[in-house]
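In what follows, a structure is listed as structure tokens, so that the remarks can point back to it.
Protein chains: 2
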Amino acid sequence: MPETKVKKTEDFHEWYNEIVELADLCDKRYPIKGMNVWRPYGWKMMSFIDKAIRREMENTDHQEVYFPMCIPRSSFKKEEEHIEGFGSEVFWITHAGDNELEEPWLLRPTSETAMYPIFSLWIRSHGDLPLKTFQIVNTFRYETKQTRAFIRVREIHFFESHTCHVDFKDAERQIAENKEIAQRFMHDLCLPYLLHKRPEWDKFAGAFYTISIDVLMPSMRTLQLGSIHQYKDNFAKPYDITYETEKGDHAFCHQTTYGMSERILGALIGVHGDNKGLIIPPAIAPTQIVIIPIIFKGKEQQVIKVCSEVASTLQSKGYRVHTDNRDITPGNKYYTWELKGVPLRIEIGPRDVENKQCVFVSRDTSEKQSVPLSTIEPSVKKTLDALAQRLYQHAETLLHDHLHTITTIDEAKKYEGILELPWCGKEECALEIETILDGNTLGIPIEEKPCDHPCPVCQKKATTWMRYAKSY
Amino acid sequence: MPETKVKKTEDFHEWYNEIVELADLCDKRYPIKGMNVWRPYGWKMMSFIDKAIRREMENTDHQEVYFPMCIPRSSFKKEEEHIEGFGSEVFWITHAGDNELEEPWLLRPTSETAMYPIFSLWIRSHGDLPLKTFQIVNTFRYETKQTRAFIRVREIHFFESHTCHVDFKDAERQIAENKEIAQRFMHDLCLPYLLHKRPEWDKFAGAFYTISIDVLMPSMRTLQLGSIHQYKDNFAKPYDITYETEKGDHAFCHQTTYGMSERILGALIGVHGDNKGLIIPPAIAPTQIVIIPIIFKGKEQQVIKVCSEVASTLQSKGYRVHTDNRDITPGNKYYTWELKGVPLRIEIGPRDVENKQCVFVSRDTSEKQSVPLSTIEPSVKKTLDALAQRLYQHAETLLHDHLHTITTIDEAKKYEGILELPWCGKEECALEIETILDGNTLGIPIEEKPCDHPCPVCQKKATTWMRYAKSY
């Protein structure tokens with residue numbers, strides 16, 4: 001079977017770029033840097049990821065909304081830290097036709113400042129709370145660093161949930177729910193991840209605290225897929241989001257958000273793919289099963305009939321099945337669907353028809369397995385589950401093998417991946433380590449485990465562990 | 001049951017505004033005029049409309065893509081008529097952070113100028129044709145007229161298909177397919193419509209010809225929901241979209257587009273709604289059936305059990321069913337779901353349980369009907385089909401009764417709605433009639449019927465009929 005020109009293990013980034021192009025995911029030749037064209041298969045994959053998020057949102061009583069893309073400067077400027085954090089990263093609309101706008105608008109970098117003036121109108125009493133909303137939209141950031149498909153772009157496909165609560169405690173319950181959502185969702189993607197409480201100087205502009213969702217890519221760099229934020233009443237105050245309590249007082253809402261971007265797709269490509277192409281986790285694969293009729297002259301009719309029966313049977317059980325009836329060789333068909341990452345291939349030829357069986361080929365192992373047609377359904381389930389399990393295990397091994405808990409800077413220099421070091425709590429010590437490692441502070445492990453070692457920089461007593469990595 | 005403060009027949013526009021707000025469709029208090037917030041139910045309705053379009057696209061082998069929202073000025077300027085037509089209506093991005101962009105970008109008013117430079121790269125040979133793509137995105141137009149929810153806005157939810165073909169004849173085949181898609185889609189919406197070939201001076205900027213899809217609103221004004229365009233090679237030339245023919249020559253592609261906007265939702269509200277709220281055609285209703293348990297003390301268990309069984313039965317047949325178990329009176333439940341336009345309500349009380357039956361209430365007629373539980377499935381199908389039929393018939397009567405074929409200007413002044421008058425082919429005569437009627441030229445009826453009357457303005461021989469109406 002043809003493989004990528006560049007091997008994944010030899011040059012990860014070149015391999016990534018090649019796959020993105022070969023698998024029909026996006027076109028980077030659009031005349032604005034970092035604004036790429038989503039090609040049909042890339043957009044389809046993203047739509048299935050969106051569907052998985054929508055399902056989670058529906059199951060947790062979030063309602064989908066859509067807020068305008070343009071935000072007036074005056075709305076944006078209400079929360080001071082927020083504009084300080086985002087001001088240099090936004091695109092400004094200044095003219096309409098030949099007229100200058102009275103007030104410039106910006107393209108949403110995220111939607112707090114579009115939503116919260118309206119939340120202030122929607123929420124009147126405690127009966128309106130919690131308010132749980134989400135939207136899936138494109139956001140815009142003026143990235144000046146090197147762009148990379150799905151990983152660093154200027155028009156970003158983005159999921160964001162925004163919730164309002166009676167108090168901090170209820171907002172904390174939402175944070176807990178958001179973590180559960182992340183767990184189920186990432187499990188569907190077969191992606192192990194780490195949660196980090198971001199350090200004060202690197203949290204989301206305006207947040208009380210920020211939890212990042214990080215995965216490790218095979219390049220040994222971490223990729224932040226999303227974040228969960230506790231805002232407390234930091235935004236409710238400037239945007240005047242208040243409610244009447246049961247006692248008749250007025251109180252500010254406490255808020256949370258949860259955001260994830262198209263980087264999810266970047267992680268799927270990078271973590272699971274191989275030299276033949278993508279490997280898509282069954283839960284979100286646009287096509288889960290491809291059926292390939294192996295046709296020899298004279299036996300076409302029976303083979304096509306059995307393929308069609310198998311397809312119907314599996315579709316009726318809710319599987320997403322495609323039968324490739326193109327007039328090309330089976331080998332060319334294998335190539336297409338391996339590249340596109342379809343988890344299970346079923347081959348059916350004249351001898352299989354005679355023997356009332358078919359052949360399963362798992363995308364990740366290329367292992368062949370004869371399966372009686374009479375047990376095809378349970379075999380499909382078993383095979384897809386096993387593949388998902390292997391994808392997860394493979395990624396888990398990558399992560400586990402490159403997460404190093406160490407206590408000195410000398411040790412740190414020996415390892416690639418994610419480094420966990422004692423930390424005294426001072427910004428300058430963490431920044432010093434960033435410089436030495438030429439990496440970034442990820443944050444404090446959310447599991448909060450005790451640390452009895454001194455800070456490797458100032459040697460004072462460490463209060464916790466801090467993680468560092470080179471990151472995208 | 002409560003009704004709208006304003007009656008539909010008394011003040012259509014006030015009624016429309018009231019419904020839009022009461023039914024939780026959109027919030028017009030966003031601080032930019034004409035950019036409204038989609039509230040959960042409005043967004044859900046739009047999503048079901050989008051689903052119906054996607055289904056049509058899938059069945060006709062169109063592939064979904066997503067092109068960037070920002071278009072560089074230089075790409076936009078390549079087709080001269082196009083920029084002349086749209087130049088005064090676009091929003092310009094001039095700055096990123098504190099920097100002025102080297103070249104300003106505009107927000108897409110429609111996507112020809114974003115897509116066609118890339119199509120020029122995608123299409124190499126006749127084997128790449130036809131190329132059939134579509135996207136569902138938001139577009140932006142600097143509307144200066146009075147805005148109106150879903151009907152005239154500045155951020156517009158928009159469907160657009162773009163196709164490329166070997167020649168004019170194949171593009172004409174696509175136009176024919178687009179008309180068939182419109183027919184099936186509009187049938188699902190229970191919306192009768194008219195197709196008009198727009199006059200030369202009012203066609204889409206850059207098109208060879210434009211067909212508009214118009215409906216008549218109860219205000220007696222027409223609403224253009226979308227259009228189908230034949231571009232010939234008008235865009236292929238400036239954007240250099242060529243292909244190698246079977247003979248090895250190079251030729252320009254011929255192109256078509258088909259666009260429809262959120263005005264579809266505006267039409268659904270306006271044409272089908274009544275003083276109790278929305279009436280949503282079953283094919284696109286987010287909830288097709290609402291089940292209301294009628295509960296008296298002591299009999300809760302059985303009623304709830306039967307409701308749940310009925311819901312399961314209907315869901316397993318693919319119906320979208322909601323059971324309203326809220327702790328409020330049945331009357332309040334009726335009010336909610338009538339407002340939201342759910343086509344069929346099923347009431348089940350203790351006596352119904354005893355008699356193994358339930359009560360159907362159709363949203364449009366409020367007619368009650370006892371249905372044995374044993375025949376519930378076929379009864380649901382029959383009842384929803386009949387409701388759809390009535391919605392269509394009702395709208396068809398409105399359109400038919402207000403489409404007047406006349407031959408003189410004096411007659412024209414007597415009628416409301418759509419006027420069909422003989423036309424000699426001269427722009428000045430049509431514009432004269434526009435002025436007299438204080439209306440707009442819709443275009444030539446697509447059915448092209450012969451006309452033996454003189455032009456009512458210049459009295460010269462008319463070559464065809466031309467339609468006029470007040471329009472949104």
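Residue numbers (the numbering used here), protein chains in the order written: chain A, 1 to 472; chain B, 1 to 472. Heads up, the beta-carbon is just placed ideally off N, CA and C, and yes, glycines get one too. Nothing here was measured: the structure is a model prediction, and the numbers come from that model.
Which residues does DSSP list as the beta-bridge partners of residue i?
i, result
"C358(A)", "V371(A)"
"Y66(B)", "W38(A)"
"S161(B)", "F134(B), Y258(B)"
"K197(B)", "I211(B), I444(B)"
"L344(A)", "I289(A), S362(A)"
"N99(B)", "A96(B)"
"W105(A)", "P72(A), I93(A)"
"C26(B)", "W38(B)"
"L223(B)", "V215(B)"
"V271(B)", "According to DSSP, which records beta bridges pairwise, V271(B) is partnered with nothing at all."
Less than 7 Å between C-beta atoms, sequence neighbours within five positions excluded: which residues of the same chain meet that for residue i?
i, result
"I19(A)", "T4, I269, G273, G277, L278"
"C164(A)", "F119, I123, L129, P130, L131, I241, C253, Q255"
"I304(B)", "P293"
"D384(B)", "Looking at the sequence itself, residue 384(B) is Leu, so the reference to Asp does not match. The answer, listed in chain order, is P282, Q288, P343, L344."
"L216(B)", "T222, L398, L399, H402, G417, I418"
"H479(A)", "With chain A running from 1 to 472 in the structure shown, residue 479(A) is simply not present."
"P372(B)", "K356, Q357"
Taking the straight line between their C-alpha atoms, what separation do you get for residue i and residue j?
i, j, result
"Q183(B)", "G127(A)", "45 Å"
"G206(A)", "F86(A)", "10 Å"
"T375(B)", "A285(B)", "23 Å"
"N325(B)", "L265(B)", "29 Å"
"E311(B)", "P343(B)", "Note that residue 311(B) corresponds to Ala in the displayed sequence, not to Glu. Going from the Cα of A311(B) to the Cα of P343(B) covers about 15 Å."
"R55(B)", "A171(B)", "22 Å"
"Y334(A)", "K145(B)", "56 Å"
"G331(A)", "A52(A)", "32 Å"
"R148(B)", "I93(B)", "25 Å"
"D202(A)", "E10(B)", "59 Å"
"S125(B)", "Y243(B)", "5 Å"
"A267(A)", "R152(B)", "41 Å"
"M46(B)", "I409(B)", "40 Å"
"A412(A)", "I406(A)", "7 Å"
"S212(B)", "L25(A)", "34 Å"
"S370(B)", "H250(A)", "50 Å"
"E64(A)", "K461(B)", "57 Å"
"I83(B)", "E367(A)", "57 Å"
"G259(B)", "L225(B)", "9 Å"
"R363(B)", "E447(A)", "54 Å"
"I433(A)", "G443(A)", "13 Å"
"K299(B)", "P350(B)", "6 Å"
"H322(B)", "A236(B)", "50 Å"
"W43(A)", "G97(B)", "29 Å"
"E100(B)", "N36(B)", "29 Å"
Between which residues of its own chain and residue i is the CB-CB distance below 6 Å, once the five residues before and five after are set aside?
i, result
"E81(B)", "A205, G206"
"E14(A)", "V6"
"C429(A)", "C455, V457, C458"
"Q302(B)", "V353"
"K381(A)", "none"
"E180(B)", "none"
Grab me the residues of residue i's own chain with a C-beta within less than 8 Å of its C-beta, minus the 5 sequence neighbours each way, in chain order.
i, result
"T313(A)", "I376, E377"
"T336(A)", "D324"
"L106(A)", "C70, I71, R73, F76, V90, F91, W92, I93"
How do the segment 353–366 of chain B and the segment 312–331 of chain B stand: do at least 3 beta-carbon pairs fall below 8 Å, yes or no? no
Whether or not the segment 29–39 of chain A and the segment 74–91 of chain A are in contact is what I'm after, with contact meaning three or more pairs of Cβ atoms, one per stretch, closer than 8 Å; do they touch? no
message = For the structure I just gave you, are there three or more beta carbon pairs, one from the segment 388–399 of chain B and one from the segment 265–274 of chain B, closer than 8 Å?
response = Judged by Cβ distances under 8 Å, the segment 388–399 of chain B makes contact with the segment 265–274 of chain B, as three or more pairs qualify.
Q: Enumerate, from N- to C-terminal direction, the unbroken beta strand (DSSP E) stretches of 3 or more residues contained entirely within the segment 399–465 of chain A.
A: Under the rule that a run must span 3 or more residues, the beta strand (DSSP E) segments found entirely inside the segment 399–465 of chain A read 403–405, 418–423, 440–445.
Checklist entry - Below 8 Å, can you find three or more Cβ-Cβ pairs linking the segment 46–66 of chain A to the segment 175–191 of chain A? => result yes
Check: Should the segment 455–471 of chain A be regarded as contacting the segment 435–442 of chain A, the criterion being three or more beta carbon pairs within less than 8 Å?
Finding: yes
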